[in-house]
Amino acid sequence: MYLLVPREAAADQLTLWLAAVDEPGPEDGLRLAAGSPGTQEPTPWEAWPGDGTPVRVRHREIRVTGLAPRQSCAFALEADGTVVANADMSTLPAELPTLGDKPFTVLLGSCFSHLQDQELRVGRTFLRMPHAARPDVKLMAGDQVYLDSPWYRFFASFSRDELRQAFLGQYKESWGQVNGFARLLRSGANYFSSDDHEFWNNAPNFVAFARNTWTASGRREWWDVARALYRTFQTPRPIARFDVPPVSFLVADTRVDRDGDRGNFMTPASLAAVQEWVGGLRGPGVLVVGQPLLQTTTGFLKGTFGDWNLPDFEQYAELSRIVAASEHHLVVLTGDVHFGRIARTSLRSGKELVEIISSPLSLVDRKAEGEWLAAPKRFPASPVGGMTRGEVATEAGFAPTGGHFLTLEFTRLGAGANLRLRYWPVLDQTAVTPDFGRTIWEHKLV
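First residue of the sequence shown? That's 659 in this note's numbering, and the numbers climb one at a time after it.
Dropping the structure here:
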């Protein structure tokens, strides 16, 4: 299997990831086709696993520089002169478009189970989007794979080699859905953030159905295998930023560096990067995290046997204080909870904190169907030292629990932006539904 997946984008350059999965080496004949736009700057080849056992994945990134703002580019990956994969993506605009021009559009999605999308519904839905509505960038907010699915499989113990085989198989099925999930991945830039199912439910903590997680050594072995694959297929970077002035975007992973004692959900260095970004904003900011910020604590039983929320961690207080100190509007984008929601509250600067949830793309199990909940009435939901708790309003009329994704369309509005939010239900049939692409909310970030 050969893969070519767009990653990050800027106004003058693009980054792509290419890989040979369970293909014979060497990789000398694997390259972007002649005539590809821009100047190519490849990184060295990497191998997974890298411990001397037989190599299963050979991969590298290629940065393509010397491009113009909003330049559309098509790429083909060749193996010994034969095209084996394709991708397309565009550079970012130098600044937000004005009303009347094509908006800058980002897609928000999370929670994709390939086992529940054998009909390739997500790819078909993406393909049915009108060209003018297609996203420039996709923000994948966690659970792009379910390594612990089906759950009953993991009542048995797995060796390290068996975990590697099982987890690589999940990525091959998901990233290899040529007309399904892979159709979405290979068109437009992708920014990834992980959540628990890139590892296992409630990772890095114990979960009852997975025997390997019952011991510290078993959890560590599973975590190491899953984390290495996440960094191979999705991103090696826990923090990623891009700007379309005056709006700035920051993707901050809250799972990949999480500890097991409910202290930190990101490293101190990553939290410092969030603080520096918030303090340096010159216009609206968009923050992508793996779980909702407007959330309550979980409680012992649900946290132990389900999944801990961000407010269950000591670090949540500091993140909340950082967000509350923003002098500009902040939009938090997230997933995880298997429903969609829009909620907002006022910051002490008088600007707003808006949280938008989109989940799932493809529900992993009917038993996991989300029970829609309004946001807590205050932020933070429980007192945090040094903060005044603000009232939270949940937007009425938007409460999906089925498969969907959202797009956010940004246009310039004075020193800020206008945000238009559109809803794209995952189609069961080829015919579009009346609410396909419906505008569900519009808001001024000025």
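For every residue, glycine included, the Cβ atom is placed at its ideal position computed from N, Cα and C.
| field | Counterpart residues of residue 863 in DSSP-defined beta bridges | value | Start at 1 with the first residue of the sequence shown, and residue 863 comes out as number 205. DSSP output for residue 863 lists no bridge partner at all.
| message | What would DSSP say about residue 607, mapped onto helix, strand or coil? | response | A query on residue 607 cannot be resolved here, the shown segment of the chain reaching from 659 to 1104 and no further.
| said: Using C-beta distances below 7 Å, list every residue in its chain close to residue 980, excluding the 5 sequence neighbours before and after it, in chain order. | reply: For this step, residue 980 is matched to residue 322 along the sequence shown. Counting only Cβ-Cβ distances below 7 Å, and skipping sequence neighbours, we find 932, 933 and 936.
| task | State buried or exposed for residue 1076, treating a residue as buried only when at least 16 other CB atoms are found within 10 Å of its CB. | result | Here the question's residue 1076 lines up with position 418 in the sequence shown. It is buried - the Cβ of residue 1076 has at least 16 other Cβ atoms within 10 Å.
| query | Could you check where the beta strand (DSSP E) with residue 706 kicks off and where it finishes? | reply | Numbered from its first residue, the sequence shown carries residue 706 at position 48. Segment 704-706, the beta strand (DSSP E) holding residue 706.
| alpha helix (DSSP H) containing residue 829: first to last residue? | Here residue 829 is taken as the residue at index 171 of the sequence shown, counted from 1. It spans 818-833 - the alpha helix (DSSP H) in which residue 829 sits, taken as one unbroken run.
| field | Sequence ranges, beta strand (DSSP E) only - wholly within the region 906-971, length at least 3 | value | 943-946
| field | Simplified DSSP state of residue 875, which is helix, strand or coil | value | Reading the sequence shown from its first residue, position 217 is the one you call residue 875. Residue 875 falls in the helix class under three-state DSSP.
| task | Using the Cα positions of residue 805 and residue 676, report the straight-line distance between them to the nearest angstrom. | result | If you number the sequence shown from 1, residue 805 lands on position 147. If you number the sequence shown from 1, residue 676 lands on position 18. Cα-Cα distance, rounded: 22 Å.
| query | In whole angstroms, what separates the C-alpha of residue 929 from that of residue 997? | reply | Counting from one through the sequence shown, the residue named residue 929 turns up at place 271. Counting from one through the sequence shown, the residue named residue 997 turns up at place 339. Approximately 27 Å between the Cα atoms of the pair.
| message | For the beta strand (DSSP E) containing residue 784, name the first residue and the last one. | response | Translated into positions along the sequence shown, residue 784 becomes position 126. Here residue 784 belongs to no beta strand (DSSP E); instead the alpha helix (DSSP H) covers 779-786.
| Close Cβ partners of residue 713 (< 6 Å) along its chain, the five nearest in sequence each way excluded | Within the sequence shown, numbered from 1, the residue matching residue 713 stands at position 55. Only 705 meet the Cβ criterion.
| field | Every unbroken beta strand (DSSP E) within the region 1008-1071, with a cutoff of 3 residues, ordered by chain | value | 1010-1015, 1048-1052 and 1062-1071
| query | If you run the structure through DSSP and keep just helix, strand and coil, what is residue 858? | reply | Translated into the one-based positions of the sequence shown, residue 858 becomes position 200. Correct three-state label for residue 858: coil.
| query | Could you give the distance in angstroms between the alpha-carbon of residue 1157 and the alpha-carbon of residue 1022? | reply | An answer regarding residue 1157 cannot be provided, because it is not within the stretch 659 to 1104 covered by the chain.
| Are there 16 or more other CB atoms within 10 angstroms of the CB of residue 860, so buried, or fewer, so exposed? | Numbered from its first residue, the sequence shown carries residue 860 at position 202. Classification of residue 860: buried, given that the 10 Å Cβ count is 16 or more.
| First and last residue of the alpha helix (DSSP H) that includes residue 839? | In the sequence shown, residue 839 corresponds to position 181, counting from 1. Its alpha helix (DSSP H) spans residues 839-843.
| request: Following the continuous beta strand (DSSP E) through residue 1081, name the residue where it begins and the one where it ends. | output: Taking the sequence shown and counting its residues from 1, one reaches residue 1081 at position 423. Element bounds for residue 1081: 1074-1083.
| message | Between the region 983-996 and the region 940-947, can you find at least three pairs of beta-carbon atoms closer than 8 Å? | response | yes
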